[in-house]
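Position 95 of the sequence shown, counting from 1, maps to 95 under the UniProt record's numbering, and the rest follow consecutively. Yeah, the Cβ is synthetic: ideal placement off N, Cα and C, and Gly gets one too. Remarks on the structure that follows.
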Amino acid sequence: MVKLALDMGAAGITFPLVNTAQEAAECVAMTRYPPRGRRGFGPFIGHSRWGVSLEDYLPKVGGTISCNIIVETKSAIDNIEAICAVEGISALVLAPFDLSVELGCPGQFDTPDFLKAVQQFERATTAAKVPKSAVALTEEQVQSAIARGYASVMMGWDVLMLKNAATRAIRWTT
């Protein structure tokens, strides 16, 4: 599926449930052409999306594909330093909801175990200079993530944004 998505012109892949450096390295390999990886060369559609010729696809686009890893388990946190050492990771995405479930505190982001895991993630990514990405549901969470050095912040999702906008609109009428 990774090769198919990339051959269709995807700008990158975000991999879930990566728990070890070996798994992270395999993810990177799937998004890179030899000799850096093991992705097959089939840019017959993808090169059109990028507006380059077939001959220019590999040198101009091949190295720009992003490989993002979702950190969502205790195992991933336990192995975070080794995961950060894998060359070719574009960003590590902290998945707070999944991680909180894994740690036995579903949706509770202020428990000692959860906060310790987040601190471990942040220390490792900062030390390794690997960009980190956060999920935020409020303006305060966005500002906090930015202040803590997150390179990107996913601010909710489409259904939540629509719900929030509809809730605000309903308030206009009351």
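> Do I89 and T14 have their CB atoms nearer than 8 Å?
Replying inline: No, Cβ-Cβ distance for I89 and T14 is not below 8 Å.
> Cβ atoms of A124 and A134: under 8 Å apart, would you say?
Replying inline: It is not a contact, given that the beta carbons lie outside the stated cut-off.
> Counting Cβ pairs, one atom from each stretch, are 3 or more of them under 8 Å apart for the segment 92-106 and the segment 69-84?
Replying inline: Touching, yes, given that three or more Cβ pairs across the two stretches are closer than 8 Å.
> Are the segment 36-44 and the segment 1-8 in contact at 8 Å, needing three or more beta carbon pairs?
Replying inline: Proximity of the segment 36-44 to the segment 1-8 meets the contact definition, three or more beta-carbon pairs being nearer than 8 Å.
> Where does N164 land, buried or exposed, given buried means 16+ other C-beta within 10 angstroms?
Replying inline: N164 is exposed by the Cβ-count criterion.
> On the three-pair Cβ rule with 8 Å, is the segment 60-68 touching the segment 25-40?
Replying inline: A contact between stretches requires three or more CB pairs, one per stretch, nearer than 8 Å, and the segment 60-68 meets this requirement with the segment 25-40.
> Cβ atoms of G104 and F97: under 8 Å apart, would you say?
Replying inline: Taking 8 Å as the Cβ cut-off, F97 and G104 do not qualify as a contacting pair.
>> DSSP three-state label for L137, please.
In response: In the displayed model, L137 falls within coil according to three-state DSSP, outside both helix and strand.
> Among G156, G9, N19, T126, which residue has its Cα nearest to the Cα of Y57?
Replying inline: Residue nearest to Y57 within the set G156, G9, N19, T126 is G9 (criterion: CA-CA distance).
>> So for E159, helix, strand or coil by DSSP?
In response: Correcting the residue identity first, residue 159 is Val in this sequence and not Glu. Secondary structure at V159: helix, using DSSP grouped into helix, strand and coil.
> Would S53 be called buried (16 or more neighbouring beta carbons within 10 Å of its own) or exposed?
Replying inline: Exposed.
> Whose CA, out of M155, G12, F121, S100, lies closest to the CA of N79?
Replying inline: Measuring from the Cα of N79, the nearest candidate turns out to be F121.
>> On the CB-based measure, 16 or more other CB atoms within 10 Å of its CB, does L162 come out buried or exposed?
In response: Its Cβ having fewer than 16 others within 10 Å, L162 is exposed.
>> Buried or exposed, going by whether 16 or more other CB atoms sit within 10 Å of the CB of T73?
In response: The residue in question, T73, is buried, as its Cβ has 16 or more Cβ neighbours within 10 Å.
>> Between which residues of its own chain and C27 is the CB-CB distance below 7 Å, once the five residues before and five after are set aside?
In response: Answer for C27: F15, V18, C67, I69, listed in chain order.
> From what residue to what residue does the alpha helix (DSSP H) around F114 run?
Replying inline: Looking at the DSSP string, the run of the alpha helix (DSSP H) that includes F114 is 112-128.
> Which full runs of the beta strand (DSSP E) of 3+ residues lie inside the segment 14-79, going along the chain?
Replying inline: The qualifying runs are 66-71.
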